[in-house]
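Number of protein chains: 2
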Amino acid sequence: MNAPYEKPAGIQVIDRLVRLLDLLSKHNAPVALRDLAAQAELPPSTVHRILNAVVPSGLIERLDGGHYQLGLRLLELGAKVKERLTVRDVALPYLQKLHDATGESVNLGVRDGDEIVYIERTSGGRSSVRVVHIVGSRAPLHTTATGKWFLAEMSPSERAAYCARTGLAPQTPHSLTTREALEAELAELAQEGVAYDMEEQELGVRCIAAPIRDETGALVAGISLSTPAERFDRSKAPLVQATAQAISRALGYRQ
Amino acid sequence: MNAPYEKPAGIQVIDRLVRLLDLLSKHNAPVALRDLAAQAELPPSTVHRILNAVVPSGLIERLDGGHYQLGLRLLELGAKVKERLTVRDVALPYLQKLHDATGESVNLGVRDGDEIVYIERTSGGRSSVRVVHIVGSRAPLHTTATGKWFLAEMSPSERAAYCARTGLAPQTPHSLTTREALEAELAELAQEGVAYDMEEQELGVRCIAAPIRDETGALVAGISLSTPAERFDRSKAPLVQATAQAISRALGYRQ
DNA sequence: AAGCGTTATTCCATATGATGGAAAGTACGG
DNA sequence: CCGTACTTTCCATCATATGGAATAACGCTT
């Protein structure tokens, strides 16, 4: 045995669970314990114990006759993954198109709790030298243009709770730090149909953002155009809006 | 503590994995090990070990920066669950309608390996007294009308392999037991657009079946009308066909 | 109803596999 | 380079997962 590198051992019971999930996924119908145990080549009592440990989670479902099948929780979790992939895949060409049209960096951001996370970003051209939104980077909702869309989507009580939780902590001297200022900004957003970040998240960087909605009308992401402050140009807002609307339509949104 | 029934203890490491999946599902972005461990209230080394035990399965995905997110395998497993629910939900009202129109028992069957499994069945009326397809019951492909559709969908080599595996074992004296007879039956099926079980699976029971296809054109199920032999009536075949076509259309099938 | 065979479930002694703290390694910012 | 924070690896330990045996449940036959 000259194996230079052995695959690290997993966790036995987890490997076994995964094997059971794989077997169930190969069946189009519920499977009896005996058959599952035989196919997994494990003792029935072991399989029984693993199955019934996982059934409360919903990953696997036990039927009345003592048969087992994949559970609804997988549907929920799978939908999460699908949403993630769909938004990105659908948006990507539009991001590139907006980038080509403007020469500026274009970001795709989603909400994760009280923050915006950038999950995609165009690169290349003159904008890459200066603006530093990195994929995976995070920023508070209230200091980002995209985040303001998510705040606008909240009920007043939800917004109050966000303000209480975060204290509207500033990132720069330009950041909005009072509820009043935030509400005024969101009123303007509603009026104008576009959101701005005027060096509130990062000095020297300004953004324009528009919302992306899915087939149910839910706000699922935001697209934002980032520019160095000295190149900021509000006239690009309609283009950002149009891009977001095109992505939304492609996701099945019908206004 | 007067709890009349204590929930049986699960398996610790599986409960922990489920908790990690739940946490990841609440985030819209990849999560760092430190954050996951904090939210799960588990030691980082334990979380690290569980995560990396499950990553090879695809249920959880590890990104380059050492962040984790839900994995593509969940999408695949979730799609399996979704297909199961969709076919049944869509077909159910049509099954009932065909039942009402004929007064006979109507079954929905799917393929699981070398067998047809009945996943739904109408009841009530005069047919319930005599015909005994039970939800969950199974039968070989070659002795059932629905099964013949799945055989017809196979390539000749796949069909040869099925015949070798099962030996075309009969269920009744009427069952098809030779490759030649099977091929002749399937040629008729292709010609007539409908399949029959003439007491091949169960003495005294005859069935008519038609195929259900999904939006990709794949054969996903079959609908069959079961009658006692003395009431068998071929003129009902067009109605069975029309029902299957309606279900297929509702599933997105476009001929 | 009784009996039998098969399958599922529960129990429990045990050993091994999961554990988590510590050490080592890595990455990042000043 | 140094300090800090985070990740990964190591390993002694013991608690937890294990699986065989016993028990319970189920379905079929007479």
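Protein chains in written order, with our numbering: chain A, 1 to 255; chain B, 1001 to 1255. Glycine residues also receive a C-beta, built at the ideal position from the N, C-alpha and C atoms.
Rounded straight-line distance, which links the Cα of residue j to that of residue i
i: Ala139 (chain A); j: Gly147 (chain A); result: 8 angstroms
i: Asp112 (chain A); j: Ala1029 (chain B); result: 6 angstroms
i: Ala1161 (chain B); j: Ser1226 (chain B); result: 29 angstroms
i: Ala184 (chain A); j: Thr143 (chain A); result: 14 angstroms
i: Arg73 (chain A); j: Val194 (chain A); result: 37 angstroms
i: Arg1130 (chain B); j: Pro1228 (chain B); result: With a pLDDT of 44 at Arg1130 (chain B), under the threshold of 50, the predicted position of this residue should be treated as unreliable, though the coordinate-derived value follows. Cα to Cα, Arg1130 (chain B) sits roughly 7 angstroms from Pro1228 (chain B).
i: Leu1051 (chain B); j: Val1205 (chain B); result: 53 angstroms
i: Arg121 (chain A); j: Arg1084 (chain B); result: 37 angstroms
i: Ala1221 (chain B); j: Ser1137 (chain B); result: 15 angstroms
i: Gly1109 (chain B); j: Trp1149 (chain B); result: 11 angstroms
i: Phe1232 (chain B); j: Ile1208 (chain B); result: 9 angstroms
i: Leu1141 (chain B); j: Val54 (chain A); result: 33 angstroms
i: Leu251 (chain A); j: Val87 (chain A); result: 7 angstroms
i: Val1031 (chain B); j: Leu1070 (chain B); result: 10 angstroms
i: Asn1107 (chain B); j: Leu1023 (chain B); result: 41 angstroms
i: Gln288 (chain A); j: Ala210 (chain A); result: Residue 288 (chain A) falls outside the range modelled here, since chain A spans only 1 to 255, and no answer is possible.
i: Glu1180 (chain B); j: Asp1089 (chain B); result: 38 angstroms
i: Leu186 (chain A); j: Asp197 (chain A); result: 12 angstroms
i: Val132 (chain A); j: Gln201 (chain A); result: Here Val132 (chain A) scores only 46 on pLDDT, less than 50, and its place in the model should not be relied on; the value that follows carries that caveat. So the two alpha carbons sit approximately 11 angstroms from each other.
i: Ala91 (chain A); j: His27 (chain A); result: 35 angstroms
i: Ala246 (chain A); j: Pro43 (chain A); result: 55 angstroms
i: Leu219 (chain A); j: Ala145 (chain A); result: 14 angstroms
i: Arg1159 (chain B); j: Tyr118 (chain A); result: 51 angstroms
Helix, strand or coil at residue i according to DSSP, with G and I counted as helix
i: Pro211 (chain A); result: strand
i: His1174 (chain B); result: coil
i: Gly109 (chain A); result: strand
i: His27 (chain A); result: coil
i: Leu251 (chain A); result: coil
i: Asp1022 (chain B); result: helix
i: Pro1238 (chain B); result: helix
i: Asp15 (chain A); result: helix
i: Glu1188 (chain B); result: helix
i: Val117 (chain A); result: strand
i: Gly1193 (chain B); result: coil
i: Thr1122 (chain B); result: coil
i: Val135 (chain A); result: coil
i: Ser224 (chain A); result: strand
i: Ala1169 (chain B); result: coil
i: Leu1070 (chain B); result: strand
i: Pro43 (chain A); result: coil
i: Leu63 (chain A); result: coil
i: Ala32 (chain A); result: strand
i: Leu203 (chain A); result: coil
Residue environment, residue i, which counts as buried when at least 16 other CB atoms sit within 10 Å
i: Gln12 (chain A); result: exposed
i: Arg1234 (chain B); result: exposed
i: Ser1128 (chain B); result: Any reading at Ser1128 (chain B) is ruled out, since the residue's pLDDT is 43, under 50, leaving its predicted position unreliable.
i: Gly1065 (chain B); result: exposed
i: Ser1224 (chain B); result: buried
i: Ser105 (chain A); result: buried
i: Leu1063 (chain B); result: exposed
i: Glu230 (chain A); result: exposed
i: Ser1045 (chain B); result: exposed
i: Ala1164 (chain B); result: exposed
i: Gln1191 (chain B); result: exposed
i: Ser157 (chain A); result: exposed
i: Ser155 (chain A); result: exposed
i: Thr1243 (chain B); result: buried
i: Gln255 (chain A); result: exposed
i: Leu189 (chain A); result: buried
i: Glu262 (chain A); result: In the structure as shown, chain A begins at 1 and stops at 255. Residue 262 (chain A) is therefore absent and cannot be evaluated.
Are three or more beta carbon pairs between the segment 33-47 of chain A and the segment 1072-1084 of chain B nearer than 8 angstroms? No, because fewer than three Cβ pairs between the segment 33-47 of chain A and the segment 1072-1084 of chain B fall closer than 8 angstroms, the two stretches do not touch.
The segment 1016-1025 of chain B in contact with the segment 1051-1069 of chain B per 3-pair CB rule at 8 angstroms: Touching, yes, given that three or more Cβ pairs across the two stretches are closer than 8 angstroms.
Check whether the segment 163-170 of chain A and the segment 202-217 of chain A are in contact - that is, three or more C-beta pairs closer than 8 angstroms. Not touching, per the Cβ criterion.
Do three or more CB pairs link the segment 1094-1109 of chain B to the segment 97-106 of chain A at distances below 8 angstroms? The segment 1094-1109 of chain B makes no contact with the segment 97-106 of chain A; the number of CB pairs closer than 8 angstroms stays below 3.
Members of the segment 38-59 of chain A that neighbour chain B once the beta carbon cut-off is set at 8 angstroms: Listed in sequence order: Arg49, Ile50, Asn52, Ala53, Val54, Pro56, Ser57, Leu59.
Where the segment 1075-1100 of chain B meets chain A: residues whose CB sits under 8 angstroms from a CB there: Of all residues in the segment 1075-1100 of chain B, the ones placed with a Cβ closer than 8 angstroms to any Cβ belonging to chain A are Leu1075, Glu1076, Leu1077, Gly1078, Ala1079, Lys1080, Val1081, Lys1082, Arg1084, Leu1085, in chain order.
Taking only beta carbons into account, state which residues of the segment 62-75 of chain A come closer than 9 angstroms to chain B, listed in chain order. Within the segment 62-75 of chain A, the qualifying residues are Leu63, Gly65, His67, Gln69, Leu70, Gly71, Leu72, Arg73, Leu74, Leu75.
Quick one: which residues of the segment 237-255 of chain A get their C-beta closer than 8 angstroms to a C-beta of chain B? List them in chain order. Within the segment 237-255 of chain A, no residue has a Cβ that lies closer than 8 angstroms to any Cβ of chain B.
Scan the segment 1018-1030 of chain B for residues whose Cβ lies nearer than 7 angstroms to a Cβ of chain A and list them as they occur along the chain. For the segment 1018-1030 of chain B, the beta-carbon criterion of a distance under 7 angstroms to any beta-carbon of chain A is satisfied by Val1018, Leu1021, Ser1025, His1027, Asn1028, Ala1029, Pro1030.
Relative to chain A, which residues along the segment 1201-1230 of chain B have a C-beta separation below 8 angstroms, given in chain order? Those would be none; no residue qualifies.
Contact set between the segment 132-150 of chain A and chain B, restricted to residues whose Cβ is under 8 angstroms from the partner: Within the segment 132-150 of chain A, the residues whose Cβ lies closer than 8 angstroms to some Cβ of chain B are Gly136, Arg138, listed in chain order.
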